[in-house]
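These protein sequence lines are chains A and B, in that order. Sequential numbering from 1 applies to the first sequence in the numbering used here. Sequential numbering from 321 applies to the second sequence in the numbering used here. Glycine included, each C-beta is placed from N, C-alpha and C at the ideal position. Single-structure report; data block below.
Number of protein chains: 2
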Amino acid sequence: MSEGRRITVLAGGVGAAKFLRGLLAVHPNELVTAVINVADDFRLHGLAISPDVDTVTYTLSGLVNSDTGWGRIDESWRVRDELERLGGQTWFNLGDLDLALHLYRTQRLGEGATLTEVTSEVCEKLGIKAHLLPASNHQIRTQLKVQNQGWVDFQDYFVAQQHNVVIEDLRFEGIEAAKAGPEVLSSLANSDAIVIAPSNPFVSVKPVLEISGVADVLRERRTKVVAISPIVGGAALKGPASRMLEELGFERNSVGIASLYRDFAGTLVIDQQDSELAPRVQSEGMRVLVTDTIMDTRDRAAALAEAALGEILISGEGKQ
Amino acid sequence: MSEGRRITVLAGGVGAAKFLRGLLAVHPNELVTAVINVADDFRLHGLAISPDVDTVTYTLSGLVNSDTGWGRIDESWRVRDELERLGGQTWFNLGDLDLALHLYRTQRLGEGATLTEVTSEVCEKLGIKAHLLPASNHQIRTQLKVQNQGWVDFQDYFVAQQHNVVIEDLRFEGIEAAKAGPEVLSSLANSDAIVIAPSNPFVSVKPVLEISGVADVLRERRTKVVAISPIVGGAALKGPASRMLEELGFERNSVGIASLYRDFAGTLVIDQQDSELAPRVQSEGMRVLVTDTIMDTRDRAAALAEAALGEILISGEGKQ
Numbered sequence: 001m002s003e004g005r006r007i008t009v010l011a012g013g014v015g016a017a018k019f020l021r022g023l024l025a026v027h028p029n030e031l032v033t034a035v036i037n038v039a040d041d042f043r044l045h046g047l048a049i050s051p052d053v054d055t056v057t058y059t060l061s062g063l064v065n066s067d068t069g070w071g072r073i074d075e076s077w078r079v080r081d082e083l084e085r086l087g088g089q090t091w092f093n094l095g096d097l098d099l100a101l102h103l104y105r106t107q108r109l110g111e112g113a114t115l116t117e118v119t120s121e122v123c124e125k126l127g128i129k130a131h132l133l134p135a136s137n138h139q140i141r142t143q144l145k146v147q148n149q150g151w152v153d154f155q156d157y158f159v160a161q162q163h164n165v166v167i168e169d170l171r172f173e174g175i176e177a178a179k180a181g182p183e184v185l186s187s188l189a190n191s192d193a194i195v196i197a198p199s200n201p202f203v204s205v206k207p208v209l210e211i212s213g214v215a216d217v218l219r220e221r222r223t224k225v226v227a228i229s230p231i232v233g234g235a236a237l238k239g240p241a242s243r244m245l246e247e248l249g250f251e252r253n254s255v256g257i258a259s260l261y262r263d264f265a266g267t268l269v270i271d272q273q274d275s276e277l278a279p280r281v282q283s284e285g286m287r288v289l290v291t292d293t294i295m296d297t298r299d300r301a302a303a304l305a306e307a308a309l310g311e312i313l314i315s316g317e318g319k320q
Numbered sequence: 321m322s323e324g325r326r327i328t329v330l331a332g333g334v335g336a337a338k339f340l341r342g343l344l345a346v347h348p349n350e351l352v353t354a355v356i357n358v359a360d361d362f363r364l365h366g367l368a369i370s371p372d373v374d375t376v377t378y379t380l381s382g383l384v385n386s387d388t389g390w391g392r393i394d395e396s397w398r399v400r401d402e403l404e405r406l407g408g409q410t411w412f413n414l415g416d417l418d419l420a421l422h423l424y425r426t427q428r429l430g431e432g433a434t435l436t437e438v439t440s441e442v443c444e445k446l447g448i449k450a451h452l453l454p455a456s457n458h459q460i461r462t463q464l465k466v467q468n469q470g471w472v473d474f475q476d477y478f479v480a481q482q483h484n485v486v487i488e489d490l491r492f493e494g495i496e497a498a499k500a501g502p503e504v505l506s507s508l509a510n511s512d513a514i515v516i517a518p519s520n521p522f523v524s525v526k527p528v529l530e531i532s533g534v535a536d537v538l539r540e541r542r543t544k545v546v547a548i549s550p551i552v553g554g555a556a557l558k559g560p561a562s563r564m565l566e567e568l569g570f571e572r573n574s575v576g577i578a579s580l581y582r583d584f585a586g587t588l589v590i591d592q593q594d595s596e597l598a599p600r601v602q603s604e605g606m607r608v609l610v611t612d613t614i615m616d617t618r619d620r621a622a623a624l625a626e627a628a629l630g631e632i633l634i635s636g637e638g639k640q
């Protein structure tokens with residue numbers, strides 16, 4: 001009996017969103033929980049912006065710009081263009097439709113709602129049945145030590161500098177004091193399976209794992225945890241994960257990923273292009289599962305979810 | 321010699337903006353200062369909104385929606401419509417172009433700039449040569465005691481309830497601690513003439529007058545101060561000024577205005593439709609000047625400025 005099996009996914013942005021979209025095609029949506037990184041969150045123009053929560057939200061509601069994997073489809077830029085005219089900061093490229101969500105969130109947070117509550121409200125409005133849980137309602141801020149620059153904020157590194165710089169270290173300001181958000185630890189403790197999505201291990205997964213209690217649950221439940229490598233053929237499909245592996249002293253491939261996750265996950269899913277790495281992943285002490293990890297369509301993402309979760313999922317039971 | 325004569329205008333929103341636009345057509349712009357009410361300012365969605373400053377800014381830069389007298393011409397509503405879909409607050413009707421200014425202001429305030437500095441930056445970007453001075457950089461908040469409701473915030477009364485309710489009292493939270501903004505008092509002290517614009521005497525002019533030092537300068541320089549009545553034929557051209565006069569115990573006409581301003585202004589300009597009130601304004605101890613006060617075109621606003629300021633202005637010297 002796998003009916004009613006609960007799955008929790010540790011999620012960053014684009015890669016996690018694509019995986020979740022696939023998973024939700026083949027599993028009852030209300031049984032899926034995503035614990036989403038909030039260490040990229042920041043304030044701009046006074047607005048509370050949660051890039052990973054938003055990317056997952058837009059993707060699962062069908063509103064995402066599928067060309068970029070983030071932001072809104074049919075987006076317009078009237079506010080940004082006017083802001084540019086005024087000499088304002090436009091490096092983050094806030095679209096008009098996207099802005100509406102930031103306005104809503106900021107207003108609600110100002111009224112005393114938590115990010116968890118706001119996210120739940122938005123999901124309800126947009127028809128998302130899966131549970132999207134911000135990893136924490138406390139402020140955690142990723143900073144990167146960039147060669148010749150010192151410590152810079154994540155969005156400066158990632159968006160303004162387009163991650164075209166060498167990093168030497170990273171830290172998560174506020175993580176010691178941060179508590180896991182409501183239902184995060186219980187969801188991890190009570191799931192039938194836990195997935196570490198194919199997200200950046202340093203800036204998406206690590207700032208979730210380092211929240212008090214999260215890594216402990218994963219270590220205890222290691223055999224139920226399956227991680228999906230975000231690296232294919234030595235390169236991340238998106239973002240700086242592969243160069244970060246190298247810059248931070250790890251192998252620039254799924255073996256490097258295995259060395260990061262081996263304490264937390266029993267299984268690593270690697271791409272079929274990297275099948276020759278399977279024995280080396282096993283040497284790190286992980287089961288290895290070789291399959292197609294490229295999620296350029298929803299069907300391929302669903303197939304990846306089915307492969308990763310095996311008997312946890314019943315094909316055909318899912319719906320969206 | 322009236323060359324180089326400096327004029328300072330106490331300003332609210334729409335009426336003041338129209339007057340200023342006329343004045344700037346006939347007087348060197350750099351010699352005109354507007355001290356603008358900030359007691360309507362508020363935060364919505366985390367954004368710092370300054371309605372009167374914005375109305376004056378948009379009007380003087382030619383960007384105003386001339387149908388309404390406030391907001392932007394060629395405005396669009398993409399953000400608001402999406403915010404409505406999310407269940408957000410849309411009662412204030414923030415347009416896309418208008419939002420850009422609020423984003424800019426909020427960002428700059430967050431960086432430590434003052435409202436005075438931000439306003440100056442925006443004026444420079446938009447080519448406004450007159451000096452727009454927020455009355456204060458401290459938080460002042462108009463509240464109205466509404467029949468059967470108790471105290472409500474200004475924007476709730478004015479926008480959400482469309483001022484279709486009876487008010488019993490008003491107060492300006494924070495006014496005791498508020499200091500006049502930079503150059504406000506010196507501008508009033510050093511001007512060759514001071515104009516109280518045809519703005520709402522209770523919610524636009526009073527919260528400027530009550531800032532420490534402002535009323536004192538006007539009392540001392542009373543003969544240099546000319547007020548323009550916002551009431552024509554017993555009704556305000558816009559907004560709730562006339563019903564507020566009655567509700568707060570004043571005559572619902574320019575005599576009521578005179579009784580409010582007589583200590584601060586030597587002269588009251590009233591509309592030609594109300595010429596029969598002239599003796600009664602004089603009985604309040606003010607000079608009276610009867611002219612056309614309806615500013616439906618820039619030329620008529622300019623003519624009003626010339627009539628109100630008389631020999632202070634040299635026609636034809638002005639430019640924009």
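request  = Below 7 Å CB to CB, which residues in the same chain sit around B/Ala535 once its five sequence neighbours on both sides are set aside?
outcome  = Cβ within range, chain order: Leu529, Phe584.
message = Can you confirm whether A/Ser283, when its beta carbon is compared against all beta carbons of chain B, has any partner nearer than 8 Å?
response = Closer than 8 Å to the CB of A/Ser283 there is not a single CB belonging to chain B.
ask   = Whose C-beta lies closer than 8 Å to the C-beta of B/Ser396 among residues of the same chain, with five residues either side of it excluded?
value = Gly415, Asp416, Leu417.
query = Alpha carbon to alpha carbon, what distance is there between A/Thr33 and A/Gly15?
reply = Between A/Gly15 and A/Thr33, the C-alpha separation is close to 16 Å.
query = Quick one: which chain A residues come within Cβ less than 9 Å of B/Gln481?
reply = By Cβ distance, chain A contributes nothing, its closest Cβ being about 19 Å from B/Gln481, past 9 Å.
request  = Give the single residue among A/Glu183, A/Arg72, A/Ile196 whose Cα lies nearest to the Cα of A/Leu260.
outcome  = Of the listed residues, the one whose Cα sits closest to A/Leu260 is A/Ile196.
ask   = Does the segment 371-390 of chain B come within contact of the segment 436-456 of chain B, defined as at least 3 CB pairs closer than 8 Å?
value = The segment 371-390 of chain B vs the segment 436-456 of chain B: in contact.
ask   = Run through DSSP, which three-state label would A/Glu317 get?
value = Here the model assigns A/Glu317 a pLDDT of 44, short of 50, so the residue's position is not dependable, and the following value carries that caveat. The answer is coil: DSSP assigns A/Glu317 none of H, G, I, E or B.
task = Residues of the segment 31-57 of chain A with a CB closer than 8 Å to any CB of chain B: list them in chain order, please.
result = Here the close residues are Arg43, Leu44, His45, Gly46, Leu47, Ala48.
inquiry  = On a Cα-Cα basis, can you pick out the residue from A/Lys206, A/Leu188, A/Ser136 that is closest to A/Arg222?
reply    = Of A/Lys206, A/Leu188, A/Ser136, the residue nearest in Cα terms is A/Leu188.
query = What number of angstroms, rounded off, separates the C-alpha of B/Glu566 from the C-alpha of A/Gln139?
reply = Just so you know, the alpha carbons of B/Glu566 and A/Gln139 end up roughly 51 Å apart.
query = Which two residues bound the contiguous beta strand (DSSP E) that contains A/Arg141?
reply = Start and end: 141-146.
ask   = Hey, which unbroken runs of the beta strand (DSSP E) at 3 residues or more fall wholly within the segment 280-310 of chain A?
value = Qualifying beta strand (DSSP E) stretches, in chain order: 287-291.
inquiry  = Would the segment 396-414 of chain B count as touching the segment 362-371 of chain B if we require 3 or more Cβ pairs under 8 Å?
reply    = Yes, the segment 396-414 of chain B is in contact with the segment 362-371 of chain B.
message = Nearest by alpha-carbon distance to B/Asn357: which of B/Asp374, B/Pro348, B/Glu350 is it?
response = Of the candidates B/Asp374, B/Pro348, B/Glu350, the one whose C-alpha sits nearest the C-alpha of B/Asn357 is B/Asp374.
message = Could you tell me the alpha carbon to alpha carbon distance between B/Glu540 and A/Ala48, rounded to whole angstroms?
response = Distance between B/Glu540 and A/Ala48, taken at the CA atoms: about 48 Å.
request  = Tell me, please, whether the CB atom of B/Lys449 is closer than 8 Å to any CB atom in chain A?
outcome  = B/Lys449 does not count as touching chain A.
task = Just confirm the distance between the C-beta atoms of A/Glu284 and A/Ala308, as a whole number of angstroms; I'd bet it's less than 8 Å.
result = Rounded to the nearest angstrom, the Cβ distance from A/Glu284 to A/Ala308 is 18 Å, too far for a contact under 8 Å.
ask   = Considering only C-alpha positions, which residue in the set B/Leu464, B/Asp594, B/Gln481, B/Asn510 is nearest to B/Leu490?
value = Ranking B/Leu464, B/Asp594, B/Gln481, B/Asn510 by Cα distance to B/Leu490 puts B/Leu464 first.
Sheet register partners of A/Trp70 (DSSP bridge) = The secondary-structure analysis by DSSP pairs A/Trp70 with nothing; it has no beta-bridge partner.
key: Backbone secondary structure at A/Phe158 - three-state DSSP   = In the structure shown, A/Phe158 falls within a helical segment according to DSSP collapsed to helix, strand and coil.
request  = Closer than 7 Å by C-beta to B/Thr462: which residues in its own chain qualify, once you throw out the five before and the five after it? Chain order, please.
outcome  = Cβ within range, chain order: Ala359, Asp360, Phe474, Leu490, Phe492, Val523, Pro527.
inquiry  = Given this structure, state the Cα-to-Cα distance separating A/Phe158 from A/Thr8, to the nearest angstrom.
reply    = One alpha carbon belongs to A/Phe158, the other to A/Thr8, and they sit about 27 Å apart.
query = Alpha carbon to alpha carbon, how far is B/Ser322 from B/Pro348?
reply = Per-residue confidence for B/Ser322 stands at a pLDDT of 46, beneath the threshold of 50, marking its modelled position as unreliable; the derived number appears in the next sentence. Between the alpha carbons of B/Ser322 and B/Pro348 lies a gap of roughly 11 Å.
Contact with chain B by A/Ala113, beta-carbon distance below 8 Å = It does not; no Cβ of chain B falls within 8 Å.
Inter-residue Cα distance where the pair is B/Ala561 and B/Gly576 = The straight-line gap from Cα to Cα measures roughly 11 Å.
key: Contact list for A/Leu309 against chain B, beta-carbon separation under 7 Å   = Chain B residues near A/Leu309: none, gap ~32 Å exceeds 7 Å.
ask   = For B/Pro599, does the count of other Cβ atoms within 10 angstroms reach 16, so buried, or fall short, so exposed?
value = B/Pro599 should be labelled exposed.
DSSP state of B/Ala547 mapped onto helix, strand, coil = Three-state result, B/Ala547: strand.
inquiry  = Mapping the DSSP letters down to three states, classify A/Pro134 as helix, strand or coil.
reply    = Note: A/Pro134 maps to strand in three-state DSSP.
message = If distances are taken between C-alpha atoms only, which option among B/Pro454, B/Ile393, B/Asn385, B/Thr587 comes closest to B/Ser370?
response = Nearest of B/Pro454, B/Ile393, B/Asn385, B/Thr587 to B/Ser370, Cα basis: B/Pro454.
message = Output needed in chain order: residues of the segment 138-165 of chain A with a Cβ under 7 Å from some Cβ in chain B.
response = Correct list: empty, as no residue qualifies.
ask   = Between B/Ile531 and B/Arg326, what straight-line distance do the alpha-carbon atoms span, to the nearest angstrom?
value = A direct Cα-Cα distance of roughly 22 Å separates B/Ile531 from B/Arg326.
ask   = Given that A/Lys125 touches chain B, what residues does it touch there, using C-beta distances under 9 Å?
value = Residues of chain B whose Cβ lies closer than 9 Å to the Cβ of A/Lys125 are, in chain order, Arg405, Leu406, Gly407.
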